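Remarks on the structure that follows.
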Amino acid sequence: MRYRKKQKPERRERVREELERFGREILDSEEMQRAFAQKHHTLSTVGEHTMRVAEKSLSMCHALRRLHIQTDIPAVVKGSLCHDLGILGRNEKYGSARECARRHPADSLEAAEKLIGALPEKTRDIISHHMWPVGHSKPPGSLEAAIVSAADKLAAVEDFIEGYEEKRPGILGVVHEIVNRRKESTEWKTKNG
Ligand SMILES: [Fe+2]
Ligand SMILES: [Fe+2]
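Quick look at the structure:
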């Protein structure tokens, strides 16, 4: 049984339309192809995670709009789609998970500007501060950056749960996987200092 509540078709369509309109260049990029080939959050990929973050961020923007709070949709689309581009090639770039957490937002910003050109301040804020409150990140400086940061955390949890459910459904499977991952990450940390 899937735990996730199904989104209404018209809401899904609105998200799809905004992603197409403001994010086509990023979605069609070679970087995004690589993102779907690189593992992330144990059983997901950077690409799947990215799409979750974008979808959740836009859903939050739509919910706020119903409360008459406007958000910068192009900035949210571009920022959410680029927020983890810096993670690509992680194993070659960073010596530890901690270093990756601290450095990848700046690397994502650099990769995003290389891909789509100079970005407005709000999009830069989204990418630079999406890790907050972890990874020594400064707090988001805009509503849009706070939205993407929150969506990033929600998506990370979903990356785990969806992945576990597909591989080995049921709570015992989840516990088993967590124990194994803990062992692996301890070994990895010991190996990499
Ligand atoms: Fe990130
Ligand atoms: Fe992320």
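Just so we're on the same page, the working numbering is the position in the sequence shown counted from 1, plus 16. All C-beta atoms, glycine included, are put in the ideal place defined by N, C-alpha and C. Since the model is a prediction, treat every value here as computed from it, not as a measurement.
Valine 92 and valine 150 do not touch by the CB rule: their CB atoms are close to 21 Å apart, not below 8 Å.
In this structure, the beta-carbon distance from alanine 167 to serine 96 falls below 8 Å. Each residue's CA atom was taken as its position, placing proline 155 and arginine 140 some 13 Å apart. Remark: three or more beta-carbon pairs, one from each stretch, lie closer than 8 Å, so the stretch 104–116 and the stretch 44–57 are flagged as touching. Beta-bridge analysis with DSSP links lysine 55 to Thr61. If you check the CB distance, histidine 152 and arginine 118 come in under 8 Å. Using a 10 angstroms sphere on the CB of glutamate 64, the tally of other CB atoms reaches 16 or more, which defines it as buried. By the Cβ neighbour-count rule, valine 195 is exposed, with fewer than 16 other Cβ atoms within 10 Å of its own. Near ligand 2, meaning a Cβ closer than 5 Å to any of its heavy atoms, lie the following residues in chain order: Asp100, Asp168.
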